[in-house]
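Structure first, commentary second.
There are 2 protein chains.
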Amino acid sequence: MWGGSMKIALAQFNPVIGDFEGNVQRIISRIQSARELGCDLVVFPELSLIGYPPYDLLIQKDFIESCQKALEDLLPHTKGIGVLVGGVAAIEGSEKLFNSAFLLEDGKIIGQVNKNVLDDLDYIDDSRYFQEDKGTHCLEFRGLKLGVIISGDLWMDSKGSCIKYCPEDIFMKLYDQSPAMFINMAASPYHYTKQKMRADLASCMADKYHIPLLFVNQVGANDELIFDGSSMVFDSKGQLILHGKSFEEDIIVFDSNQNYNPIEEVREDISWIYKGLVLGMRDYFHKSGFKKALLGISGGIDSALVACIAAEALGRENVLGVSMPSRYSSEHSKNDARKLAENLGIEYREIPLEPFFREYIRAFNGTDQTLGDLAEENIQARIRASILMFISNREGKMLVCCSNKSEIAVGYSTLYGDSCGALAVIGDVLKTQVYELCRYINREKEIIPENILIKAPSAELRPNQKDEDSLPPYSVLDDILQMYIEENAPVIDMERKGYERQTIFRILNMIDRAEYKRRQLPPVLKITSKAFGLSRRMPIVQRFKWSE
Amino acid sequence: MWGGSMKIALAQFNPVIGDFEGNVQRIISRIQSARELGCDLVVFPELSLIGYPPYDLLIQKDFIESCQKALEDLLPHTKGIGVLVGGVAAIEGSEKLFNSAFLLEDGKIIGQVNKNVLDDLDYIDDSRYFQEDKGTHCLEFRGLKLGVIISGDLWMDSKGSCIKYCPEDIFMKLYDQSPAMFINMAASPYHYTKQKMRADLASCMADKYHIPLLFVNQVGANDELIFDGSSMVFDSKGQLILHGKSFEEDIIVFDSNQNYNPIEEVREDISWIYKGLVLGMRDYFHKSGFKKALLGISGGIDSALVACIAAEALGRENVLGVSMPSRYSSEHSKNDARKLAENLGIEYREIPLEPFFREYIRAFNGTDQTLGDLAEENIQARIRASILMFISNREGKMLVCCSNKSEIAVGYSTLYGDSCGALAVIGDVLKTQVYELCRYINREKEIIPENILIKAPSAELRPNQKDEDSLPPYSVLDDILQMYIEENAPVIDMERKGYERQTIFRILNMIDRAEYKRRQLPPVLKITSKAFGLSRRMPIVQRFKWSE
């Protein structure tokens, strides 16, 4: 079936959303690289001219015009080489658009295919913007037929079973036209375990149709979504033969004439989450023009992890850690915070909370006596946020939020307090995974002081407070959270795992009741199949009861 | 075409999302009322068993089971009367659902139709949850054919032109089966000018097919969406003959045997927005079990308006206004705030900001001298939020946010400061409309002190600050905001209205740059065609340039 020969570059690149001028320049430079590598064709990810996801920018006419202009600007740079690039096409008589791939060569658009299966799951709202194109066809290029499929996440359903959402009929329709290869242009955000799912399905499709499959994916982070790249090529037996870098830009070249030996599948481990979060934080800052971050470091494990990620993402010289001990802070907290900052080499300041706290106690209690109520607990977190935002406003450093997924889930945090920040760096990381990540960071030497890893978690907002006074043990909590939030598991499944109904209902009710706090969260870097934010849209005011 | 005779009750009722037990009870009591009124059939709105919009609750299996159980619980209460109620139906082999209308009678389900045109505009994500049902058919009831159409917002497009999104082919398919009437079961949230659009389209359809049209709509607010009810009946000439109350529960009865005279179209005016906001605030509080509200009252117009709405929604005895004057507050501000509270009869407290402010100045400046920078401006708003949240936590009162749409749009507000609160009551009201609403409130006597209405708006965060030092005049700003946000107008249209490119670009860039603040906003009560929140999904980090 495969006659001719072709050298194809897969350019996994990092666009900035809406930065047409910049994206075009970056695309041109990759076209040049592909040319230098002797390629016939260079392939870019889904919506590569725009950057994915542009959300409602797609509704603005001026935006769409700029996108069309960007495509024209690219044309003069396609002399002697084919360029397959993602953009949008207006549709006569419709307010919706096609999500399109354009094939360019020698200054002309020589082919176009449109996305033919729309996706409306998770954070994706294809139907809000796009119209499905039922007319599936191959693109012709230099005598070969290319079976181009545009898809972000059509590779799998929310549980990773590839069967249901796989556009099988699209593959079949393309197959009927005898393509030389399948090319999947994707903007598929990462979550832990996803790469294996993609590889399994791509391999399965290549093998089934005995046609090589090229998967090219966007890389870089846009708001909450982290794109890992990890482009792949499978031969006609479904064997992996080429693999792009993960969490970095890369170009991989597939030569149809060459004989490739199968290579080993890339194994995901905890380091992928770490690298993803580093990329997520770096792109959030750099793409919005910020260099410097600050965060409150409490001596606890969450802020320790975020400090490490920040130092890696921005450079230690660009990170300020502020410790704001209160009368309830333990000595070890202050020491651990300082030690952490020293180990990381980040700037460190200590600002005592006491004078501010005393002012509130006097104003509201009429004496220096505390009542020990919720108001007094929360005000400490809110004063800390005010101090941090004062520094942020004065020094132009962007505040990051250190809340983890477990506490965000059950509302164990202070709104306008520890939930403040421009980005919730570990807001999709369960507490048990926070420990795993910290152990990964400490794998060679002690960066996070060991004491932070072994002491019992505490908010230290009242004397001798411990998280487990208010919450079930994190091992139980995290397991139920994962089942409920990520897997949408019914209660019966949780019971089957041995959890008591009372514990389950307690946790589920805590989650539902905390929705109002989550509505005001900063964007959460997504590293699981279901992060808080646009991926999970819940009413605040509702009375569904988790009990009989 | 119309043979038999029938008496039909349209029950516009106010469900609580997910409160199956309560909703079923409320539905039963309305069935009883319809029975007492001698009706053959009672019709409820779209998804009436569940309450609209349930968002991702629809993804939980346990939730769907409870919904099916609720339908069964309703069956025994349908002796001798037809009940047309909205719910969902699971689909064999699919993770999606049908958005269905069930016709019940004498303990049995005797008919079912499913929504046949899905909507993915604005806040609506039908495709995320539902599958389209192409098999359009009439329901048979007591010898009559009912052409039932389930639709939230299919009546119009975003600009109010009814043609494009009107499911004309659905009407035609139903018409081919000779229905005695069209019945539109809706959950259509209100925005200003919408009722006229609905009436125009419904009238046009009834007239076109010479078939009466009954429109029954949900009433009550759920989070940001306010449903106005305003159910209507049109005769076969397209004349309005019955009209339900707006912003209240109601039952209207249509007797097919009776001769009706046409009634006058209901005219929307500013009072509709006021009533909508009152209902929105009341339901947000009461449905979540809160009785009491607090807010900061500054002596400015925004907090004055919110205080009036709160007093109306919750009762003046349930509202606390807190004035927190700073060294930059004018005398008139303090007086105006106190006077407003007196006029309204709400509780009033004054808590001076100075001691708290001084503490921050000392800690950060090392002296009592201020620098007059942004940090010092913002800290005042943040101290105010901390004070209000202290009271909220201690006294169990829910804080409401007083930010208006104009300042939210351009980011003229302090994150974690004046943007704090559980609900942004006037977050979809432009500043110029804030004045209109206040004049409406004062139409009979001075409730809002006149001085609040005439003085120049100021944040009073530095000496002699005025809004118009930092912003274009509100008349210009609001016009451009409306064109950009609500109408998605291209820049060229704004220029055609006589605005300078520089002014336009300045405003559009301010809007885009403030996205990070909006992401952390409380829910905004929606009263225009495009409110901030789920209706408008924008990336935070993006570089689309509004200039050439």
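In order, the protein sequence lines correspond to chains A and B.
Taking my numbering, the leading residue of the first sequence gets 1, the next gets one more, and so forth.
Taking my numbering, the leading residue of the second sequence gets 1001, the next gets one more, and so forth.
Built from N, CA and C at the ideal position, the CB exists for glycine as well.
Give a yes or no on whether 7 Å exceeds the smallest Cβ distance from residue i to chain B.
| i | result |
| --- | --- |
| MET281 of chain A | no |
| TYR190 of chain A | no |
| MET538 of chain A | yes |
| ALA549 of chain A | Residue 549 of chain A lies beyond the stretch modelled for chain A, which goes from 1 to 548, so this question has no answer here. |
| ASP19 of chain A | yes |
| TYR348 of chain A | no |
| ARG506 of chain A | no |
| SER529 of chain A | no |
| ASN378 of chain A | yes |
| ILE301 of chain A | no |
| SER413 of chain A | no |
| ALA9 of chain A | no |
State the Cα-Cα distance for the pair residue i and residue j, rounded to the nearest angstrom.
| i | j | result |
| --- | --- | --- |
| GLU495 of chain A | ILE1091 of chain B | 26 Å |
| GLU209 of chain A | GLU105 of chain A | Reading off the sequence, residue 209 of chain A comes out as Tyr, not Glu. Spanning the two alpha carbons is a distance of roughly 28 Å. |
| LEU550 of chain A | TYR55 of chain A | It is not possible to answer for residue 550 of chain A, since the shown part of chain A is limited to 1 through 548. |
| ARG531 of chain A | PRO1490 of chain B | What sits at residue 531 of chain A in the sequence shown is Ala, not Arg. Going by the C-alpha atoms only, they are around 34 Å apart. |
| LYS1237 of chain B | ILE1150 of chain B | 22 Å |
| ALA313 of chain A | MET1197 of chain B | 52 Å |
| ARG1506 of chain B | ASP255 of chain A | 50 Å |
| ARG558 of chain A | ALA1199 of chain B | Because chain A is modelled from 1 through 548, residue 558 of chain A falls outside the range shown and cannot be assessed. |
| MET1389 of chain B | PRO1053 of chain B | 29 Å |
| ASP119 of chain A | PRO1457 of chain B | 46 Å |
| SER1475 of chain B | TYR1499 of chain B | 12 Å |
| ALA1070 of chain B | LEU1047 of chain B | 12 Å |
| ALA1422 of chain B | PRO1212 of chain B | 43 Å |
| ILE1252 of chain B | PRO522 of chain A | 45 Å |
| PRO1045 of chain B | ARG1142 of chain B | 21 Å |
| LEU399 of chain A | GLN380 of chain A | 17 Å |
| GLU450 of chain A | GLU347 of chain A | 20 Å |
| GLY1135 of chain B | GLN1177 of chain B | 13 Å |
| GLU1249 of chain B | LEU1144 of chain B | 28 Å |
Among the candidates the options, whose CA atom is the shortest distance from the CA of residue i?
| i | options | result |
| --- | --- | --- |
| ARG327 of chain A | A:ASP302, A:GLY38, A:GLU354 | A:GLU354 |
| LEU1415 of chain B | B:ARG1384, B:CYS1308, B:HIS1137 | B:ARG1384 |
| LEU1103 of chain B | B:GLU1140, B:LYS1134, B:ILE1124, B:VAL1117 | B:GLU1140 |
| GLN1433 of chain B | B:LEU1471, B:LEU1481, B:CYS1401 | B:LEU1481 |
| TYR260 of chain A | A:PHE234, A:PRO15, A:TYR284 | A:PHE234 |
| GLU376 of chain A | A:PRO352, A:GLY229, A:PRO463 | A:PRO463 |
| LYS1517 of chain B | B:ALA1206, B:PRO1189, B:TYR1412 | B:TYR1412 |
| GLU1460 of chain B | B:GLU1264, B:SER1329, B:SER1029 | B:SER1329 |
| VAL1278 of chain B | B:GLN1520, B:ALA1409, B:LEU1225 | B:LEU1225 |
I'd like to know whether the C-beta of residue i is nearer than 7 Å to at least one C-beta of chain A.
| i | result |
| --- | --- |
| VAL1621 of chain B | This structure does not reach residue 1621 of chain B, given that chain B is present from 1001 up to 1548, and the question cannot be answered. |
| ASN974 of chain B | With chain B running from 1001 to 1548 in the structure shown, residue 974 of chain B is simply not present. |
| ILE1056 of chain B | Note that residue 1056 of chain B corresponds to Asp in the displayed sequence, not to Ile. Yes, because at least one Cβ of chain A sits closer than 7 Å to the Cβ of ASP1056 of chain B. |
| SER1288 of chain B | yes |
| PRO1045 of chain B | no |
| ASP1542 of chain B | Inspection of the sequence shows that residue 1542 of chain B is occupied by Gln rather than by Asp. True, the Cβ-Cβ gap to chain A drops below 7 Å. |
| GLU1460 of chain B | no |
My assumption, with CB atoms under 8 Å, is that residue i sits in contact with residue j. Please give the rounded CB distance.
| i | j | result |
| --- | --- | --- |
| CYS138 of chain A | LEU84 of chain A | Not really, about 12 Å apart at Cβ, beyond 8 Å. |
| MET1538 of chain B | GLU1515 of chain B | 5 Å |
| VAL88 of chain A | ASN99 of chain A | 6 Å |
| PHE13 of chain A | VAL219 of chain A | 7 Å |
| CYS1438 of chain B | ILE1301 of chain B | 6 Å |
| LEU1340 of chain B | ALA1304 of chain B | 5 Å |
| LEU295 of chain A | GLY315 of chain A | Wrong, their Cβ atoms sit about 15 Å apart, outside the cutoff. |
| ASP1478 of chain B | LEU1430 of chain B | 4 Å |
At 4 residues or longer, what runs of the alpha helix (DSSP H) sit wholly inside the region 457-520 of chain A?
Correct list: 467-470, 474-481, 491-496, 501-513, 515-518.
Runs of alpha helix (DSSP H) lying entirely within the region 1253-1309 of chain B, each at least 4 residues, in chain order:
Secondary structure remark: continuous alpha helix (DSSP H) runs of at least 4 residues inside the region 1253-1309 of chain B, in chain order: 1270-1287.
Uninterrupted beta strand (DSSP E) stretches inside the region 9-58 of chain A (no shorter than 3 residues):
The qualifying runs are 41-43.
Segments assigned beta strand (DSSP E), at least 3 residues, entirely inside the region 304-360 of chain A
The region 304-360 of chain A is shown to contain whole beta strand (DSSP E) runs of 3 or more residues at 319-323, 347-350, in chain order.
Taking the runs of the beta strand (DSSP E) that are 3 residues or longer, which of them lie wholly in the region 75-144 of chain A?
Counting whole runs of 3 or more residues, the region 75-144 of chain A contains the beta strand (DSSP E) stretches 82-90, 97-105, 108-114, 139-141.
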